[in-house]
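In my numbering, the protein residues as written are 23 to 96.
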């Protein structure tokens, strides 16, 4: 037996399926991706979400999350 709750669905993060629990916030998904939140942008279903809204934006099964890292170039 495990103490972890079973996932309630799957979201797609950068093209990969990721299990999520009920009420998971976008911030949880970003954290679980192991991505440093500095210098990234996050889109949920093709709409960019402000960093301040990540903790209060709930993801649902079937959602598509894209995490994009800013790269400086010339």
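Cβ atoms here follow ideal geometry from the backbone N, Cα and C, with glycine treated the same way. Remember, predicted model here, so these are calculated numbers, not experimental data.
- Here residue 85 is buried. Its C-beta has 16 or more other C-beta atoms within 10 Å.
- Cβ atoms of residue 42 and residue 81 come within 8 Å of each other, at about 6 Å.
- For the pair residue 62 and residue 52, the CB atoms are nearer than the 9 Å cut-off.
- Using a Cβ distance threshold of 9 Å, residue 34 and residue 87 count as a contacting pair.
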